[in-house]
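K.L.:
Starting off with a structure, shown below.
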Amino acid sequence: MARAGIYKSEVLRARDKLLATGRNPSIDAVRAELGNTGSKSTIHRYLKEIEEEEGPATGTR
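The sequence shown maps to residues 37 to 97 in my numbering.
Laid out in structure tokens, this is it:
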């Protein structure tokens, strides 16, 4: 049975965790943090939406 998909909140959490450890929240890094689940296009879309809402990822939240 297929996984239901990922949520924007999961991508946000993974992005914030990467930033907190000083790592770049790239699409591949976020996907790895999510347990290698989610399509790269979905993760990219969510990262773009988050950046539009919160500004660029700087690691200083």
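C-beta: ideal position from N, C-alpha, C; glycine also.
Express the C-alpha separation of Glu-90 and Leu-54 in angstroms, rounding to a whole number.
P.N.:
Spanning the two alpha carbons is a distance of roughly 16 Å.
K.L.:
Using three-state DSSP, classify Ile-79 as helix, strand or coil.
P.N.:
In the structure shown, Ile-79 sits in a helix (DSSP, three-state: H, G or I).
K.L.:
Could you tell me the alpha carbon to alpha carbon distance between Glu-46 and Ser-75, rounded to whole angstroms?
P.N.:
If I take the Cα positions, the gap works out to 13 Å.
K.L.:
Give the secondary structure of Ala-93 by DSSP, where H, G and I count as helix, E and B as strand, and everything else as coil.
P.N.:
Looking at Ala-93 - three-state DSSP - the assignment turns out to be coil, as it is neither helix nor strand.
K.L.:
For Tyr-82, which residues of its own chain have a beta-carbon under 6 Å away from its beta-carbon, when the five flanking residues on both sides are left out?
P.N.:
Result list for Tyr-82: Lys-44, Val-47, in chain order.
K.L.:
Assign Arg-59 to one of three DSSP states: helix, strand, or coil.
P.N.:
If DSSP states are grouped into helix, strand and coil, Arg-59 belongs with coil.
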